[in-house]
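Going down the list, the protein sequences come from chains A and B. To convert, note that position 155 of the first sequence is 155 in my numbering; the numbers rise steadily by one, no gaps. Take any residue in the second sequence, note its place counting from 1, add 169, and you have its number in my numbering. Heads up, the beta-carbon is just placed ideally off N, CA and C, and yes, glycines get one too. The structure appears below as structure tokens.
Number of protein chains: 2
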Amino acid sequence: MLERVERAIDRGNPVPATKLELDNYLPYLVNRVGTAIAEQFGTEALAPYGLSIAMWRVMAVLASAGTQRQIDLAELTSIEVSTLSRIVTRLTRIGIVTRTRSPNNTREVEVRLTAKGNAQVARLVPIARAYETAAIAGLAAQDIAVLKRCLRRVYANMKNRQAPAVAAE
Amino acid sequence: MLERVERAIDRGNPVPATKLELDNYLPYLVNRVGTAIAEQFGTEALAPYGLSIAMWRVMAVLASAGTQRQIDLAELTSIEVSTLSRIVTRLTRIGIVTRTRSPNNTREVEVRLTAKGNAQVARLVPIARAYETAAIAGLAAQDIAVLKRCLRRVYANMKNRQAPAVAAE
DNA sequence: TAATGATATTTGAATCTGCAACTATTGTAA
DNA sequence: TTACAATAGTTGCAGATTCAAATATCATTA
Numbered sequence: 001m002l003e004r005v006e007r008a009i010d011r012g013n014p015v016p017a018t019k020l021e022l023d024n025y026l027p028y029l030v031n032r033v034g035t036a037i038a039e040q041f042g043t044e045a046l047a048p049y050g051l052s053i054a055m056w057r058v059m060a061v062l063a064s065a066g067t068q069r070q071i072d073l074a075e076l077t078s079i080e081v082s083t084l085s086r087i088v089t090r091l092t093r094i095g096i097v098t099r100t101r102s103p104n105n106t107r108e109v110e111v112r113l114t115a116k117g118n119a120q121v122a123r124l125v126p127i128a129r130a131y132e133t134a135a136i137a138g139l140a141a142q143d144i145a146v147l148k149r150c151l152r153r154v155y156a157n158m159k160n161r162q163a164p165a166v167a168a169e
Numbered sequence: 170m171l172e173r174v175e176r177a178i179d180r181g182n183p184v185p186a187t188k189l190e191l192d193n194y195l196p197y198l199v200n201r202v203g204t205a206i207a208e209q210f211g212t213e214a215l216a217p218y219g220l221s222i223a224m225w226r227v228m229a230v231l232a233s234a235g236t237q238r239q240i241d242l243a244e245l246t247s248i249e250v251s252t253l254s255r256i257v258t259r260l261t262r263i264g265i266v267t268r269t270r271s272p273n274n275t276r277e278v279e280v281r282l283t284a285k286g287n288a289q290v291a292r293l294v295p296i297a298r299a300y301e302t303a304a305i306a307g308l309a310a311q312d313i314a315v316l317k318r319c320l321r322r323v324y325a326n327m328k329n330r331q332a333p334a335v336a337a338e
């Protein structure tokens, strides 16, 4: 009996209906990993340079995906648009990015890394890589590939999801 | 040449040194998944009942791991201790938990779900399960197992990590 | 046991975040 | 072209979060 429950849990189908097994509950696992990495990288690598995690996310996205409108930056960074607006203001003040109106559509703003911004990113990227390497230490390369592929799919699933009946009524 | 780079990236070892490939960068993937799930679950399932994600995390941990001291709750929920203190105050006010001093160690506080708290958790757990199911839709059971196992290991890696030399001084 | 350090929690103050309302611009269609 | 709706961005404000300092208790040891 107990065996059956345990096997079911191993298969990802926990049996007791009114209790979450948090150690096997994806949102819990994801949240604690995200918090742990952000906390350490933020305090060890960013804070000494007056940068926050949110600022770093904006910088990393700009470096990876190139100049963006703020609304696209918000989507790519998972940062709320009004929060992002203020972060871009701060990054502008310290010379990391520039904010310029699109010539063809003047309600849009293009956010672009400055030379100083690019230099900061170039300095931080190897450190960020080191954190990722530490994070995945001991995992088989194949498992890491599965991990990342699954995370991409989970993200796509959530973005394409309809609100369930229970909340939509 | 390009093939070699792509194979290297597939193996989790991106080659260009000054740019992050965000779509293959674990902290980025984890953060966006965590944000997407929390945002949707929070607004659709929790907000209508006056609950926040942080409150829900506390409740879920208490239901899963039983009565806890606040400091352990902070660790288990990845919530900062002073933030947690205020969340527990709120949860106490609305009758979800009780806060009682440990008899043997009166500086400690034990946080316990009330009957009302348990009822709320029992109501929310199936919904939380439904979100997880939606999140992992289309993934092979075996891959889901790898995903969760990797996340547990990554968490352990981060918790046991020493601050790297680059940030140490 | 008195003194010192460690642990658990709370609180003050500053900062950050999110929602809603607002401005400005663009798109659409009568 | 004028009106109305949609889009991009900003800002006010209330609430949330964080860090540091304060409080209270416990542990250790001289």
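To which residues of the same chain is A303/B closer than 6 Å at the C-beta, ignoring the five residues directly before and after it?
Taking the second sequence and counting its residues from 1, the one referred to as residue 303/B is at position 134. There are no such residues.
Inter-stretch contact at 8 Å, needing at least 3 Cβ pairs: the region 42-60 of chain A / the region 121-131 of chain A:
These segments touch.
With a CB to CB cut of under 6 Å and the five nearest residues on each side skipped, what residues in its chain are close to A243/B?
In the second sequence, residue 243/B corresponds to position 74, counting from 1. Once the five neighbours on either side are set aside, the close Cβ partners of A243/B are V250 and L253.
Cutting at 6 Å between CB atoms, please list the residues of its own chain near E277/B, excluding the five before and the five after it.
As a first step, residue 277/B is located in the second sequence; it is residue number 108 there, counting from the start. Counting only Cβ-Cβ distances below 6 Å, and skipping sequence neighbours, we find R238 and S271.
Where T89/A sits in the DSSP three-state scheme:
Here the question's residue 89/A lines up with position 89 in the first sequence. Note: T89/A maps to helix in three-state DSSP.
In terms of residue numbering, what span does the beta strand (DSSP E) encompassing R270/B cover?
The residue labelled residue 270/B in the question sits at position 101 within the second sequence. It spans V266 to R270 - the beta strand (DSSP E) in which R270/B sits, taken as one unbroken run.
Identify the contact partners of Q176/A in chain B, using a Cβ-Cβ distance below 8 Å as the criterion.
There is no way to answer for residue 176/A, as the model of chain A reaches only from 1 to 169.
Tell me, please, whether the CB atom of S82/A is closer than 9 Å to any CB atom in chain B?
As a working mapping, residue 82/A is identified with position 82 in the first sequence. S82/A does not count as touching chain B.
Could you tell me the boundaries of the beta strand (DSSP E) in which E108/A lies?
Here residue 108/A refers to the residue found at position 108 of the first sequence. Where E108/A is concerned, there is no enclosing beta strand (DSSP E), given that its DSSP letter is neither H nor E.
Nearest candidate by alpha-carbon position, reference R255/B, set L282/B, A223/B, T275/B and A234/B
In the second sequence, the residue the question calls residue 255/B occupies position 86. Checking every option, the nearest Cα to that of R255/B belongs to A223/B.
Would you mind telling me which residues of chain B sit closer than 8 Å to A171/A, beta carbon to beta carbon, in chain order?
With chain A represented from 1 up to 169, any question about residue 171/A goes unanswered, as that position is not in the structure.
Could you tell me which whole alpha helix (DSSP H) segments of length 4 or greater appear in the region 207-263 of chain B?
222-234, 239-246 and 250-262
N326/B: buried (16+ other C-beta within 10 angstroms of its C-beta) or exposed?
Position 157 of the second sequence, counted from the first residue, corresponds to residue 326/B. Classification for N326/B: buried.
Candidates R268/B, L320/B and I305/B: which alpha carbon is nearest K159/A's?
Position 159 of the first sequence, counting from 1, holds the residue named residue 159/A. It is I305/B.
Taking Cβ positions only, does V227/B come closer than 9 Å to chain A?
Taking the first residue of the second sequence as position 1, residue 227/B is located at position 58. Output row for V227/B: interface = no.
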